[in-house]
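Remarks on the structure that follows.
There are 2 protein chains.
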Amino acid sequence: MSNLHVPMTTVQRLPSYLQALISAQAQRMPVINSVEIAEMVGTNAAQVRKDLSYLGEYGTRGVGYDVDSLIAHLARWLGIEQHRNVAIVGFGRLGGALQGYGGFGDRGFRVVAVFDDDPDKIGEPYNGCTVESIDDIEIVLAREKVDIAMIAVPAMAAQSVADSLVAAGVKAILNFAPVRIEVPEGAIARQADLAAELQILSFHLSSLERQT
Amino acid sequence: MSNLHVPMTTVQRLPSYLQALISAQAQRMPVINSVEIAEMVGTNAAQVRKDLSYLGEYGTRGVGYDVDSLIAHLARWLGIEQHRNVAIVGFGRLGGALQGYGGFGDRGFRVVAVFDDDPDKIGEPYNGCTVESIDDIEIVLAREKVDIAMIAVPAMAAQSVADSLVAAGVKAILNFAPVRIEVPEGAIARQADLAAELQILSFHLSSLERQT
DNA sequence: CTTTGTGAACAGATTCACAGCG
DNA sequence: CGCTGTGAATCTGTTCACAAAG
Numbered sequence: 208m209s210n211l212h213v214p215m216t217t218v219q220r221l222p223s224y225l226q227a228l229i230s231a232q233a234q235r236m237p238v239i240n241s242v243e244i245a246e247m248v249g250t251n252a253a254q255v256r257k258d259l260s261y262l263g264e265y266g267t268r269g270v271g272y273d274v275d276s277l278i279a280h281l282a283r284w285l286g287i288e289q290h291r292n293v294a295i296v297g298f299g300r301l302g303g304a305l306q307g308y309g310g311f312g313d314r315g316f317r318v319v320a321v322f323d324d325d326p327d328k329i330g331e332p333y334n335g336c337t338v339e340s341i342d343d344i345e346i347v348l349a350r351e352k353v354d355i356a357m358i359a360v361p362a363m364a365a366q367s368v369a370d371s372l373v374a375a376g377v378k379a380i381l382n383f384a385p386v387r388i389e390v391p392e393g394a395i396a397r398q399a400d401l402a403a404e405l406q407i408l409s410f411h412l413s414s415l416e417r418q419t
Numbered sequence: 208m209s210n211l212h213v214p215m216t217t218v219q220r221l222p223s224y225l226q227a228l229i230s231a232q233a234q235r236m237p238v239i240n241s242v243e244i245a246e247m248v249g250t251n252a253a254q255v256r257k258d259l260s261y262l263g264e265y266g267t268r269g270v271g272y273d274v275d276s277l278i279a280h281l282a283r284w285l286g287i288e289q290h291r292n293v294a295i296v297g298f299g300r301l302g303g304a305l306q307g308y309g310g311f312g313d314r315g316f317r318v319v320a321v322f323d324d325d326p327d328k329i330g331e332p333y334n335g336c337t338v339e340s341i342d343d344i345e346i347v348l349a350r351e352k353v354d355i356a357m358i359a360v361p362a363m364a365a366q367s368v369a370d371s372l373v374a375a376g377v378k379a380i381l382n383f384a385p386v387r388i389e390v391p392e393g394a395i396a397r398q399a400d401l402a403a404e405l406q407i408l409s410f411h412l413s414s415l416e417r418q419t
């Protein structure tokens, strides 16, 4: 019963459900049930059913979920029925890797613009898109109809880049710099701090070491 | 009151507290209080105090927290008093970027080994470490005293790489491949699926678009 | 007879509000 | 007094268990 309130925790699990369904589709399964989905993503069936029920009634009682149709519904909820255009700001090691990373294309995203402030890099064509000057950000973002940006610049520059992006109308930002960036109401930013992920793992290692 | 049970949600916030404290230290603040920390990381003071209280009584009532000593305590809980050695499996675009990424060194980690299965890459020295054959994983991990590994191989290969890592004694894995990997009891794996992060942002964009 | 969808029970995390301590 | 540390209250998310539906 699509009561216009999907919990954040549910949203975070939707991509994994979509992955599971695509894998089921690849195995030519026409129908899948909540137990099978749960196994594939490492949860329990009740969680899967509750999560999906926030989006609507997409299953058939006694049968399960039609794989193709559930994929379509999830893709629609995730806003990737059509590809979304993403931009990368910062063409250093990480930005370059993100640009070259093949894993976005078949997950609903297309990298259409890359920015840097280093004159040596600007104008260089890589993998079908040219590195643009960060000064042209407003024009290029509008021209390329970018709706998501990834920030891969040093921590010091991240907030000011975020401000430019928001000013240029970008409403969603994935920030790889290890600082919290502020965005105004109406825009969303997510933090992707790789070193923090390692620290969390390290905490668990320490726990293991401690209990000996 | 260090009652041997730190909630997962708290653990996930510890890296951001540490970052905030380091930034306070850089500004020569000798003492900081929960309100200031909360502002820096974007939470509220009660949350900060509760989180820190799971680790111990590190503050002084009426005063706040001594920056240097709290940094030391957090670093200890996060297991990064001494650097931890990490390995990267998969020297493609992403693996290469992780290897070259400068952001790990001052967060407590040292990349000491890189593996790939492509004979053309093996033996090449990059940035002070040589690409090793994935067949030598057990020997090299032991020699380099690796305790955390990052998986940056194609989805298909991720689980088998994880199995080798665990067999070689690695207890913590950060997996960048877009599949859930299984590790036995006693080891920990975290998922770092970049496309999933974009999908979560895209969901929010769709919500915004929907309510118009 | 099977599996969904969902209220109700439960568990866990956040926030409140104040006692306790420097 | 000021700020921490923490029980108690609240809120949010998860799990249970079953009625509803094919």
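Quick mapping for you: the protein sequence lines, in order, are chains D and C. In terms of my numbering, the first sequence opens at residue 208 and continues consecutively. In terms of my numbering, the second sequence opens at residue 208 and continues consecutively. In this text, a Cβ means the ideal position worked out from N, Cα and C, and glycines have one as well. Just so it is clear, the structure is predicted and the values come from calculations on it, not from any experiment.
Selection from the options that minimises the alpha carbon distance to residue i
{"i": "C/Glu-351", "options": "C/Glu-246, C/Thr-250, C/Arg-317 and C/Tyr-265", "result": "C/Arg-317"}
{"i": "C/Gly-299", "options": "C/Ala-359, C/Val-238, C/Ser-371 and C/Gln-418", "result": "C/Ala-359"}
{"i": "D/Ala-362", "options": "C/Phe-311, C/Asp-324, C/Arg-220 and C/Leu-401", "result": "C/Phe-311"}
{"i": "C/Pro-326", "options": "C/Gly-297, C/Ala-374 and C/Leu-305", "result": "C/Gly-297"}
{"i": "D/Leu-262", "options": "D/Leu-228, D/Ala-282 and D/Tyr-308", "result": "D/Ala-282"}
{"i": "C/Thr-250", "options": "D/Ser-409, D/Leu-285 and D/Glu-389", "result": "D/Glu-389"}
{"i": "C/Gly-315", "options": "D/Phe-410, D/Arg-291, D/Leu-211 and D/Ser-414", "result": "D/Phe-410"}
{"i": "D/Gln-306", "options": "D/Gln-289, D/Pro-332 and D/Trp-284", "result": "D/Pro-332"}
{"i": "C/Ile-229", "options": "D/Ala-394, D/Val-386, D/Ser-414 and D/Ser-413", "result": "D/Val-386"}
{"i": "D/Ala-364", "options": "D/Phe-383, D/Ala-349, D/Ala-379 and D/Ile-346", "result": "D/Phe-383"}
{"i": "C/Val-368", "options": "C/Asp-324, C/Ile-346, C/Ile-329 and C/Glu-404", "result": "C/Asp-324"}
{"i": "C/Gly-335", "options": "C/Gly-309, C/Glu-345, C/Ile-341 and C/Asp-342", "result": "C/Gly-309"}
{"i": "C/Arg-268", "options": "C/Ser-241, C/Leu-348 and C/Ile-344", "result": "C/Ser-241"}
{"i": "C/Gln-406", "options": "D/Leu-348, D/His-212 and D/Pro-222", "result": "D/Pro-222"}
{"i": "C/Arg-397", "options": "C/Leu-415, C/Ser-413, C/Ile-278 and C/Gln-366", "result": "C/Gln-366"}
{"i": "D/Asp-258", "options": "D/Thr-216, D/Glu-246 and D/Arg-291", "result": "D/Thr-216"}
{"i": "D/Ala-375", "options": "D/Leu-381, D/Glu-392 and D/Ala-356", "result": "D/Ala-356"}
{"i": "D/Tyr-265", "options": "D/Glu-243, D/Leu-285 and D/His-280", "result": "D/His-280"}
{"i": "C/Ser-413", "options": "D/Leu-408, D/Gln-234, D/Trp-284 and D/Pro-391", "result": "D/Trp-284"}
{"i": "C/Ser-260", "options": "C/Val-213, C/Glu-392, C/Asp-370 and C/Ala-349", "result": "C/Val-213"}
{"i": "C/Ala-252", "options": "C/Glu-416, C/Leu-408 and C/Tyr-224", "result": "C/Tyr-224"}
{"i": "C/Asp-273", "options": "C/Glu-288, C/Glu-243, C/Gln-254 and C/Arg-291", "result": "C/Glu-243"}
For residue i, the three-state DSSP class (helix, strand or coil)
{"i": "C/Asp-273", "result": "strand"}
{"i": "C/Ile-278", "result": "helix"}
{"i": "C/Ile-287", "result": "coil"}
{"i": "D/Gly-307", "result": "helix"}
{"i": "D/Gly-299", "result": "coil"}
Whole-number beta carbon distance between residue j and residue i, since they are thought to touch under 8 angstroms
{"i": "D/Asp-275", "j": "D/Gln-226", "result": "Going by Cβ atoms, the distance from D/Asp-275 to D/Gln-226 rounds to 15 angstroms, so no, they are not a contact pair."}
{"i": "C/Val-319", "j": "C/Val-338", "result": "Not a contact, Cβ separation roughly 13 angstroms."}
{"i": "D/Gly-271", "j": "D/Val-238", "result": "5 angstroms"}
{"i": "D/Val-377", "j": "D/Asp-400", "result": "No, D/Val-377 and D/Asp-400 are not in contact; Cβ-Cβ is about 20 angstroms, not under 8 angstroms."}
{"i": "D/Ala-403", "j": "D/Ala-379", "result": "That pair is no contact at about 20 angstroms."}
{"i": "C/Ile-295", "j": "C/Val-321", "result": "5 angstroms"}
{"i": "D/Ala-304", "j": "C/Leu-301", "result": "5 angstroms"}
{"i": "C/Leu-372", "j": "D/Leu-381", "result": "In fact, because the Cβ distance is near 27 angstroms, the residues do not count as touching under 8 angstroms."}
For residue i, the first and last residue of its enclosing beta strand (DSSP E)
{"i": "D/Arg-291", "result": "291-296"}
Residue i Cβ short of 7 angstroms to the ligand ZN heavy atom set
{"i": "D/Ala-349", "result": "Annotation note on the ligand ZN: not contained in the displayed structure, which lists no ligands."}
Range of the contiguous alpha helix (DSSP H) that encloses residue i
{"i": "D/Arg-256", "result": "252-262"}
{"i": "C/Gln-418", "result": "First-last for C/Gln-418: undefined, no H or E at that position."}
{"i": "D/Leu-225", "result": "215-233"}
{"i": "D/Glu-246", "result": "241-248"}
Q | Those runs of the beta strand (DSSP E) which lie wholly inside the region 310-349 of chain C and span at least 3 residues | A | 316-323 and 336-340
**Q.** Whole runs of the alpha helix (DSSP H) within the region 354-405 of chain D, excluding any shorter than 4 residues
**A.** 362-374
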